[in-house]
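Take a look at the structure below.
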Amino acid sequence: MTTQAALTREQGAEFGPLYASVQQFYAHQMQLLDLQEAERWADTFTEDATFDVPTLAEPVRGRPGLIAASRAAAARLAEAGERHRHFMGMFDVAQGPDGALQVRSYTTVYASVIGGESRVHRVCVCEDVLVREGGRLLVSMRRVTRDDLA
Amino acid sequence: MTTQAALTREQGAEFGPLYASVQQFYAHQMQLLDLQEAERWADTFTEDATFDVPTLAEPVRGRPGLIAASRAAAARLAEAGERHRHFMGMFDVAQGPDGALQVRSYTTVYASVIGGESRVHRVCVCEDVLVREGGRLLVSMRRVTRDDLA
Amino acid sequence: MTTQAALTREQGAEFGPLYASVQQFYAHQMQLLDLQEAERWADTFTEDATFDVPTLAEPVRGRPGLIAASRAAAARLAEAGERHRHFMGMFDVAQGPDGALQVRSYTTVYASVIGGESRVHRVCVCEDVLVREGGRLLVSMRRVTRDDLA
Numbered sequence: 364m365t366t367q368a369a370l371t372r373e374q375g376a377e378f379g380p381l382y383a384s385v386q387q388f389y390a391h392q393m394q395l396l397d398l399q400e401a402e403r404w405a406d407t408f409t410e411d412a413t414f415d416v417p418t419l420a421e422p423v424r425g426r427p428g429l430i431a432a433s434r435a436a437a438a439r440l441a442e443a444g445e446r447h448r449h450f451m452g453m454f455d456v457a458q459g460p461d462g463a464l465q466v467r468s469y470t471t472v473y474a475s476v477i478g479g480e481s482r483v484h485r486v487c488v489c490e491d492v493l494v495r496e497g498g499r500l501l502v503s504m505r506r507v508t509r510d511d512l513a
Numbered sequence: 364m365t366t367q368a369a370l371t372r373e374q375g376a377e378f379g380p381l382y383a384s385v386q387q388f389y390a391h392q393m394q395l396l397d398l399q400e401a402e403r404w405a406d407t408f409t410e411d412a413t414f415d416v417p418t419l420a421e422p423v424r425g426r427p428g429l430i431a432a433s434r435a436a437a438a439r440l441a442e443a444g445e446r447h448r449h450f451m452g453m454f455d456v457a458q459g460p461d462g463a464l465q466v467r468s469y470t471t472v473y474a475s476v477i478g479g480e481s482r483v484h485r486v487c488v489c490e491d492v493l494v495r496e497g498g499r500l501l502v503s504m505r506r507v508t509r510d511d512l513a
Numbered sequence: 364m365t366t367q368a369a370l371t372r373e374q375g376a377e378f379g380p381l382y383a384s385v386q387q388f389y390a391h392q393m394q395l396l397d398l399q400e401a402e403r404w405a406d407t408f409t410e411d412a413t414f415d416v417p418t419l420a421e422p423v424r425g426r427p428g429l430i431a432a433s434r435a436a437a438a439r440l441a442e443a444g445e446r447h448r449h450f451m452g453m454f455d456v457a458q459g460p461d462g463a464l465q466v467r468s469y470t471t472v473y474a475s476v477i478g479g480e481s482r483v484h485r486v487c488v489c490e491d492v493l494v495r496e497g498g499r500l501l502v503s504m505r506r507v508t509r510d511d512l513a
């Protein structure tokens with residue numbers, strides 16, 4: 364996709380708190396993933412969220428699938444003796460006509476061998492739809508692409 | 364340069380929206396560059412902006428030069444079978460006496476071989492002057508230095 | 364530690380300016396460190412701050428120890444012909460019952476050989492307590508862990 368030219372950006376005074384909330388949401392969400400708090404991480408998605416990432420053979424829909432995917436990733440890391448960190452940033456935030464937020468951002472995944480070296484593992488682009496439910500931001504749709512894949 | 368000790372920082376309640384606007388500006392601007400949207404990227408600079416980066420033999424002035432530089436970089440990447448991502452952050456934002464913003468930040472450039480590995484390509488410091496024209500932030504001056512160069 | 368579930372997050376309209384101030388604080392603080400401005404960097408900590416990082420044999424307490432640690436690191440870099448950049452982000456900000464801020468974030472340290480390559484040096488988690496003194500944010504406690512250490 365090209366960036367979100369048709370959408371609405373930067374609505375005056377309301378934009379500051381909105382942008383801060385989005386950044387805080389992602390910092391917390393990704394730290395939960397890296398801490399392997401599978402349930403609490405899955406709880407940052409809507410109940411019927413779709414999650415489409417290159418590490419999965421096909422998109423996941425709903426929290427049970429998210430929890431299973433997160434646990435499988437944690438098991439692979441434990442076996443490899445590695446830690447992963449998902450470092451997100453560069454949030455391009457726009458509001459769709461329905462009020463949902465469309466957020467396009469970058470994620471670098473770092474891998475560290477415990478007792479060894481740290482390195483760049485993946486460089487990704489993350490395209491999310493965020494909705495507000497009961498005052499909380501939640502991901503309703505996530506699509507991740509990897510720079511090393513065609 | 365040393366950091367911007369003489370300038371004004373953090374003006375109470377106005378600082379939140381300002382800082383968010385600056386972050387949103389950079390996220391959008393750099394995504395346009397990485398998407399190779401040369402004209403839209405050049406449009407985030409003032410008409411007479413100066414652009415001084417280590418990859419260019421001499422500084423560029425004005426949008427036609429920016430567009431040409433961006434297209435040349437895209438052509439080199441296509442030939443190499445690589446993708447670049449410019450991940451900016453660490454924005455130290457200060458206001459000069461003329462109201463222009465002075466922003467000193469870090470940029471990591473990642474390179475990914477399509478079908479291969481991702482790696483750190485460059486680590487840079489970016490010193491910008493941002494001005495507001497018609498309500499939009501624009502870069503009027505950019506100077507980038509690279510950590511691997513003396 | 365797990366993330367800060369028991370603490371208070373995102374207090375409505377006040378959260379935007381707060382989150383921006385925290386990000387600006389870290390951008391400025393880390394740039395001072397990378398610029399080897401040892402005294403000005405140490406001045407971003409409280410007078411009795413504790414600083415517990417893997418590169419030090421034991422935690423440092425107070426600004427003279429911080430200045431000495433920063434100068435020793437700068438001397439090692441000069442000898443090695445390298446530059447380091449501390450790229451922080453992913454700030455998960457919560458407020459404790461005493462009003463102090465608890466901030467858990469990520470730091471990537473990049474190393475560049477002058478005249479050579481840039482690389483990921485360390486991937487770290489930084490857990491800080493920030494307090495406000497005379498209107499300024501200061502670190503009163505810092506604990507850093509490294510992903511490559513058990």
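Chains as they are written, first to last, in the working numbering: chain A, 364 to 513; chain B, 364 to 513; chain C, 364 to 513. By construction, the Cβ of each residue, glycine as well, lies at the ideal position given by its N, Cα and C atoms.
When you compare only the Cα positions, how much space is there between C:M451 and C:A390?
8 angstroms
Determine, for C:V502, whether the minimum Cβ-Cβ distance to residues of chain A falls below 8 angstroms.
no
At a CB-CB cut-off below 8 angstroms, which residues of chain B make contact with C:F408?
Ordered by position in chain B, no residue passes the 8 angstroms Cβ test against C:F408, which lies about 17 angstroms from the chain.
Of all Cβ atoms in chain B, is any one closer than 8 angstroms to the Cβ of C:Y469?
no
Separation of A:L429 from C:D415, as counted between CA atoms
35 angstroms
Leaving out the 5 sequence neighbours to the left and right, which residues in its chain are closer than 6 angstroms to C:T508 when beta-carbon positions are compared?
V488
Measure the CB-CB distance between C:A401 and C:R434 and report whether it falls below 8 angstroms.
yes
Around the Cβ of A:P380, are there at least 16 other Cβ atoms within 10 angstroms (buried) or fewer (exposed)?
buried
Buried or exposed for A:T418, please, with buried defined as at least 16 other CB atoms from any protein chain shown within 10 angstroms of its CB.
exposed
Can you tell me where the beta strand (DSSP E) holding C:G452 begins and where it ends?
445 to 458
Under 9 angstroms Cβ-Cβ, which residues of chain C neighbour B:D511?
R446, S475, V476, I477, G478, G479, E480, S481
Would you list, in chain order, the members of the segment 383 to 409 of chain A that have their beta-carbon closer than 7 angstroms to a beta-carbon of chain B?
A383
Residues of chain C with a CB under 7 angstroms from the CB of B:V492: which are they?
Chain C residues near B:V492: none, gap ~17 angstroms exceeds 7 angstroms.
Just the C-alpha distance for A:V385 and A:L500, rounded to the nearest angstrom, thanks.
8 angstroms
Would the segment 490 to 506 of chain B and the segment 470 to 482 of chain B be scored as touching if the rule is three or more Cβ pairs under 8 angstroms?
no
Report the residues of the segment 429 to 462 of chain A with a CB closer than 7 angstroms to any CB of chain C, ordered along the chain.
R446, R448, F450, M451, G452
Where does C:E421 sit, in a helix, a strand or coil, going by DSSP?
coil
In its own chain, which residues sit with a C-beta less than 7 angstroms from the C-beta of A:T471, not counting the 5 before and 5 after it?
F450, V483, V486
Counting C-beta neighbours from all protein chains within 10 Å, is the total for C:T407 16 or more, i.e. buried, or is it exposed?
buried
Quick one: what's got a C-beta closer than 8 angstroms to B:L395's C-beta in the same chain, skipping five residues either side?
R403, W404, T407
Would you list the residues sitting across from A:E402 in a DSSP beta bridge?
For A:E402, which the question treats as bridged, DSSP gives no partner whatsoever.
Give me the Cα-Cα distance between A:M504 and B:E421, rounded to the nearest whole angstrom.
44 angstroms
Close Cβ partners of A:Y382 (< 7 angstroms) along its chain, the five nearest in sequence each way excluded:
V456
Which residue wins for smallest C-alpha separation from C:G425, given the options C:P460, C:M393, C:A412, C:G459?
C:A412
State buried or exposed for A:D461, treating a residue as buried only when at least 16 other CB atoms are found within 10 Å of its CB.
exposed
So, at 6 angstroms on beta carbons, what are the nonlocal neighbours of C:G444 in its own chain, with the 5 sequence-adjacent residues on each side left out?
I477
Under 8 angstroms, Cβ to Cβ, is there at least one residue of chain C near B:V486?
yes
Among the residues of its own chain, which have a CB less than 8 angstroms from the CB of B:Y469, if the five just before and after it don't count?
M451, G452, M453, V486, C487, V488, C489
Verify the contact flag: C:L440, CB atom, against every heavy atom of the ligand GTP, threshold strictly below 7 angstroms.
Ligands in the displayed structure: none, and consequently the ligand GTP is not present.
Can a CB atom of chain A be found closer than 8 angstroms to the CB of C:A420?
no
Going by DSSP, name the residue or residues bridged to A:Y382.
A:Y382 is not bridged to any residue.
Straight-line Cα distance separating A:E377 from A:A441:
43 angstroms
Within 10 Å of its beta-carbon, does B:R439 have 16 or more other beta-carbons around it, so buried, or fewer, so exposed?
exposed
Just the Cα atoms here: how many angstroms apart are B:L398 and B:D491?
21 angstroms
Give the single residue among C:T409, C:Q392, C:M393 whose Cα lies nearest to the Cα of C:A463.
C:T409
Between which two residues does the beta strand (DSSP E) carrying A:L501 extend?
499 to 509
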